[in-house]
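Colleague: After the structure tokens below, expect a handful of questions from me.
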């Protein structure tokens, strides 16, 4: 599929797709006339890239993962390790956010009490 259709399906902009190609994250095939020809596999890979970005994995790490992926199954261990480190960082961030939420709710409960006292 052409770049515009791929952009629509992935929710990524055409400029982003070209940038990802420049970084080596996406490497679409080219048709006989030289136009990008994205595949179903490219769709799945773009969705995974979006997921990594959504979890704040830096582009440099995504590039490293993409390079390892391109080298085939012999790099499965290294890819697993990279994702495991990212998962640990994500879990730590989630725990920190959960603590922030608890503190916000405590403050809201304080204000609820204050408002209740003031309205009585």
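In UniProt numbering, the protein residues as written are 1 to 120.
The beta carbon of each residue, even a glycine, is placed where N, CA and C say it ideally should be.
Everything numeric in this text was worked out from a predicted model, so none of it was measured.
1) Secondary structure at residue 37, three-state DSSP: helix, strand or coil?
2) Assuming residue 23 and residue 59 are in contact, meaning their beta carbons sit under 8 Å apart, how far apart are those beta carbons, in whole angstroms?
3) So does the segment 85-102 actually touch the segment 47-66, counting three or more Cβ pairs closer than 8 Å?
4) Work out the CA separation of residue 64 and residue 5 for me, nearest whole Å.
5) Locate the alpha helix (DSSP H) running through residue 14, then write down its first and last residues.
Modeller: Inspection of the coordinates gives the following:
1) strand
2) 7 Å
3) yes
4) 27 Å
5) 14-23
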